[in-house]
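Notes follow once the structure below has been shown.
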Amino acid sequence: MEKVSVSLKPLVRRINLPTVLKTAILPGENTEKLFIATQVGEIYYLNNGAIELFLDIRPQVLKLGSFGGYDERGLLGLAFHPNFNQNGLFYLHYSVASSQGPGAKFENLRQGLPELFSP
């Protein structure tokens, strides 16, 4: 068996509580970007090596406990529509700030570029 050498290097620094890593092509562009969602409700993407804010829904997301997060609350899911590059649709799974129990909230989070997406 041939030995294989593997090494890791950080892509991003100073992003706390990441929950989702996805790739997608922004509407109007042709290069795939890496998206990083955080449990507190921020979504960033890598743009030519720099971190850019894609969406900030912290006011809509249930606040995390004081013990540092990583429980089953907050922004936990991000999915891009198969035609996201054309239609700008994406889906989020998060705990709504005004609720303390199970529930779902559906919103259309679509807005044109170059402005940031916002609910």
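Residue numbers (our numbering): 15 to 133.
Each residue gets a CB set at the ideal place from its N, CA and C atoms; glycine is no exception.
- Nearest to VAL75 by C-alpha distance, out of LEU67, GLU86 and PRO24, is GLU86.
- Here THR45 has ILE39 as same chain residues with Cβ atoms under 7 Å from its own Cβ, once five neighbours each way along the sequence are excluded.
- Counting only the Cα atoms, GLU16 lies some 47 Å from GLY79.
- Check the Cα spacing between LEU25 and each of GLY42, VAL18 and LEU35: the tightest is with LEU35.
- Rounded to the nearest angstrom, the Cβ distance from THR52 to LEU31 is 5 Å, consistent with a contact under 8 Å.
- Distance check between GLU43 and each of HIS107, GLU56, GLN100 and VAL54 places GLN100 closest, using alpha-carbon atoms only.
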